[in-house]
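Input: a single structure, listed below in structure tokens.
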Amino acid sequence: MLLNWCCFLAFLLSCLGKFTEGLNALENAGPLSPLKPNVLQDKFASYYVNNTISVKGITIGGWLVTEPYITPSLYRNATLLAKQQNSSDNVSIIDEFTLCKTLGNDASLTLLDNHFKTWITEDDFEQIQADGFNLVRIPIGYWAWKQNTSESLYIDNITYNDPYVSDGLQLKYLNQALDWAQKYELNVWIDLHGVPGSQNGFDNSGERMLYGDLGWLRLNDTKKLTLAVWNKMFQTFLNRGDKSPVVGLEIVNEPLGGKINVSDITDMYYEAFDQFKEHQDLSDNTTFVIHDAFQGIGHWNLELNPNYQNVTDYYFNLTRANYSSQDILVDHHHYEVFTDAQLAETQFSRIENIINYGNSIYKELSYHPAVIGEWSGAITDCATWLNGVGVGARYDGSYYNTTLFTTGDKPIGKCTSQNPLSYWTQDYRNRVRQFIEAQLATYSAKTTGWIFWNWKTEDAIEWDYLKLKEAGLFPSPFNNYEYFKTDGSIDEEFSSSLSTQAFPRTATSAFSSATSTSMKSKNFASSNKLKASQMLSIDSMSSIWKMGMCAFVITVFSFCMLL
Numbered sequence: 005m006l007l008n009w010c011c012f013l014a015f016l017l018s019c020l021g022k023f024t025e026g027l028n029a030l031e032n033a034g035p036l037s038p039l040k041p042n043v044l045q046d047k048f049a050s051y052y053v054n055n056t057i058s059v060k061g062i063t064i065g066g067w068l069v070t071e072p073y074i075t076p077s078l079y080r081n082a083t084l085l086a087k088q089q090n091s092s093d094n095v096s097i098i099d100e101f102t103l104c105k106t107l108g109n110d111a112s113l114t115l116l117d118n119h120f121k122t123w124i125t126e127d128d129f130e131q132i133q134a135d136g137f138n139l140v141r142i143p144i145g146y147w148a149w150k151q152n153t154s155e156s157l158y159i160d161n162i163t164y165n166d167p168y169v170s171d172g173l174q175l176k177y178l179n180q181a182l183d184w185a186q187k188y189e190l191n192v193w194i195d196l197h198g199v200p201g202s203q204n205g206f207d208n209s210g211e212r213m214l215y216g217d218l219g220w221l222r223l224n225d226t227k228k229l230t231l232a233v234w235n236k237m238f239q240t241f242l243n244r245g246d247k248s249p250v251v252g253l254e255i256v257n258e259p260l261g262g263k264i265n266v267s268d269i270t271d272m273y274y275e276a277f278d279q280f281k282e283h284q285d286l287s288d289n290t291t292f293v294i295h296d297a298f299q300g301i302g303h304w305n306l307e308l309n310p311n312y313q314n315v316t317d318y319y320f321n322l323t324r325a326n327y328s329s330q331d332i333l334v335d336h337h338h339y340e341v342f343t344d345a346q347l348a349e350t351q352f353s354r355i356e357n358i359i360n361y362g363n364s365i366y367k368e369l370s371y372h373p374a375v376i377g378e379w380s381g382a383i384t385d386c387a388t389w390l391n392g393v394g395v396g397a398r399y400d401g402s403y404y405n406t407t408l409f410t411t412g413d414k415p416i417g418k419c420t421s422q423n424p425l426s427y428w429t430q431d432y433r434n435r436v437r438q439f440i441e442a443q444l445a446t447y448s449a450k451t452t453g454w455i456f457w458n459w460k461t462e463d464a465i466e467w468d469y470l471k472l473k474e475a476g477l478f479p480s481p482f483n484n485y486e487y488f489k490t491d492g493s494i495d496e497e498f499s500s501s502l503s504t505q506a507f508p509r510t511a512t513s514a515f516s517s518a519t520s521t522s523m524k525s526k527n528f529a530s531s532n533k534l535k536a537s538q539m540l541s542i543d544s545m546s547s548i549w550k551m552g553m554c555a556f557v558i559t560v561f562s563f564c565m566l567l
């Protein structure tokens, strides 16, 4: 019996040794390796800030791919025109797909041409540069490569039936935008925002499909046409020399992993990268950009990474291309308004989410550069048509009265942010400013950079950089913080004010109620360290585990001695 116990003790000591070695390895691993300059830096010297990457971008969404909530007047005019054409009130235009289908080729081309001509002009690019941005993200749909609208004929003589209109119209304005960008020394990231059959069912893909299966990679010829469009994009925008403003090509925006098999999305990413490398000269420095497909942070670390050949060989023959993992950029989009749980959060939790999110993204950077390619100032989903034409908001519960979706949660509050700024309370303005600062400070300090969505809208203020800046809710210059420091931490000088607004005395959430008392005696700067109280750090974990294991071994050893 004594021998058995001694053997067991030896086993425990061995396990403790191995466990301690592992913890020590984590403790002594040191910080992440310094960020390597990636090709997004190489275009303009303005990308270098203290030898780190600093992407400060803006998206001109709702332009070459229209979105109802960005320019609702365009869709109201289209609906009015359709009613006049059809002499009927039975008209439903909810996205660019139905706009073109309902109006027909000629009327759609006329309406869209006027929109493209007037919504974004050279003055916008001049202002973007003057305000301190160094990158413009330009969404465009696959239908821009439709060569004959009446015959649904695309590049490479591919026939694909859809109602979209083009005949080169979108590409004409895209090329004009590239000229403006070059004139004002702005980098450009071209984003394929919609692919055949829709990759997510959002109206920003061109075709809204709230229910049922998506068409991309499922319907005939969607893959074939996508590959043809990618091939044409790479032929056109790679190898254009140092004077070209194009620094990034995003192959598809927001493919909805879950509704589309993630392995199928991954396979398409590798096929696109294969094409990309076939076209790219060694002297070209354009970045290949993938969206995270709504997968968890770190999901793409080992993909498209020559350091993990056993992973990438499943999709891609690495001997065919010479590349670094830093040549592939991962685009993350982060909003806090598209679930009931997010909308119900306190201001404190919302800001803490951003800080933790940025810290998590930082851990990706030794694998691939990572940009927060979409974010906004929105703390509700109340903007008119944000969730779609005719669809309400989750915040006030009207979303569930206008869709087939259901919820067991009660409405959170009354929508007001869709109204003009004069209707906003000072408290609401403060919270929007704090939320924007939290993202600016965190993403600037912890990621490859950020791209705000959106440059302008007609009346969706929380999503409108120009209106937010004019109202003093978006810092100008970008690091003109009231609540944060440039390293991403919260400024102590404003901690009391931020704490009070983050934890109003009427707060009902369990977390804010439990912490409000302690917040009276601790300034809000300490909240940047709250993750240490919510989850154990490696140091605290190692200490606790070591002490616990030692106590356990001593107990067992003492018991053995008594036998």
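Residue numbers (the numbering used here): 5 to 567. Backbone N, C-alpha and C define an ideal beta-carbon position, used for all residues, glycine too.
Looking only at its chain, what residues have a beta carbon closer than 6 Å to the beta carbon of residue i, apart from the 5 residues adjacent to it on each side?
| i | result |
| --- | --- |
| Asn483 | Thr490 |
| Val199 | Tyr146, Trp220, Thr230 and Val256 |
| Leu113 | Val169 |
| Ile416 | Leu347, Ala348 and Tyr399 |
| Ile584 | Lying before the first or after the last residue shown, residue 584 is absent from the chain, which here runs from 5 to 567. |
| Glu441 | Tyr485, Tyr487 and Phe488 |
| Asp225 | Tyr164 |
| His119 | Leu78 |
| Ala464 | Tyr73 and Ala387 |
| Asn204 | Glu258 and Leu260 |
| Glu275 | none |
| Ser522 | Reliability of the predicted coordinates at Ser522 is poor, the pLDDT of 27 falling under 50, and the value obtained from them is presented with this limitation in mind. None. |
Work out the CA separation of residue j and residue i for me, nearest whole Å.
| i | j | result |
| --- | --- | --- |
| Tyr361 | Asp296 | 14 Å |
| Asp285 | Tyr177 | 26 Å |
| Thr452 | Gly377 | 10 Å |
| Pro481 | Phe137 | 10 Å |
| Trp389 | Asn326 | 46 Å |
| Lys60 | Thr290 | 17 Å |
| Gly412 | Asn405 | 13 Å |
| Ile455 | Ser209 | 19 Å |
| Phe409 | Leu242 | 44 Å |
| Gln88 | Ser154 | 23 Å |
| Glu71 | Asp278 | 32 Å |
| Pro424 | Ala382 | 14 Å |
| Leu472 | Asn314 | 47 Å |
| Arg222 | Ser92 | 35 Å |
| Gln430 | Gly108 | 46 Å |
| Arg141 | Ala181 | 11 Å |
| Leu214 | Ala397 | 15 Å |
| Asn90 | Trp428 | 40 Å |
| Ile359 | Gly302 | 17 Å |
By DSSP's criteria, residue i is part of a beta bridge. Which residues make up the other side?
| i | result |
| --- | --- |
| Glu254 | Asp195 and Val293 |
| Ile332 | Phe292 |
| Ile264 | Gly261 |
| Thr350 | Looking at the DSSP assignment, Thr350 forms no beta bridge with any residue, so it has no partner. |
| Val59 | Gly453 |
| Phe488 | Ile494 |
| Tyr273 | In DSSP, Tyr273 forms no bridge with anything. |
Using C-beta distances below 7 Å, list every residue in its chain close to residue i, excluding the 5 sequence neighbours before and after it, in chain order.
| i | result |
| --- | --- |
| Asn363 | Lys450 |
| Phe342 | Asp385 |
| Val95 | Thr83, Ala86, Lys87 and Thr106 |
| Gln422 | Cys386, Ala387 and Thr388 |
| Glu130 | Tyr188 |
| Asp468 | Asn458, Lys460 and Thr461 |
Should residue i be counted as a contact of the ligand FMN given a C-beta to heavy atom distance under 7 Å?
| i | result |
| --- | --- |
| Ser370 | Within the structure as shown, the ligand FMN is missing, as the structure has no ligands at all. |
Skipping 5 residues on each side, what residues in its chain have a beta carbon closer than 8 Å to that of residue i?
| i | result |
| --- | --- |
| Gln133 | Tyr188, Glu189 and Leu190 |
| Gln174 | Leu68, Phe120, Ile144, Gly145, Trp147 and Ala148 |
For this session: For the region 428–462, list the alpha helix (DSSP H) runs that are entirely contained and at least 4 residues long, ordered along the chain.
Result: 430–450
Exercise. Counting pairs of beta carbons, one from the region 328–341 and one from the region 305–315, are three or more of them closer than 8 Å?
Worked result: yes
Exercise. Would you say the region 154–165 touches the region 82–94, given that touching needs at least three Cβ pairs under 8 Å?
Worked result: no
Exercise. Taking only runs of the alpha helix (DSSP H) that begin and end inside the region 368–426, which ones reach a length of at least 4 residues, in chain order?
Worked result: none
Problem set entry | Those runs of the beta strand (DSSP E) which lie wholly inside the region 167–249 and span at least 3 residues | 191–198
For this session: May I ask you to verify whether the region 365–373 touches the region 455–465, counting CB pairs closer than 8 Å and requiring at least 3?
Result: no
For this session: Identify every run of the beta strand (DSSP E) within the region 116–152, keeping only runs that are complete inside it and at least 3 residues long; order them along the chain.
Result: 139–145 and 150–152
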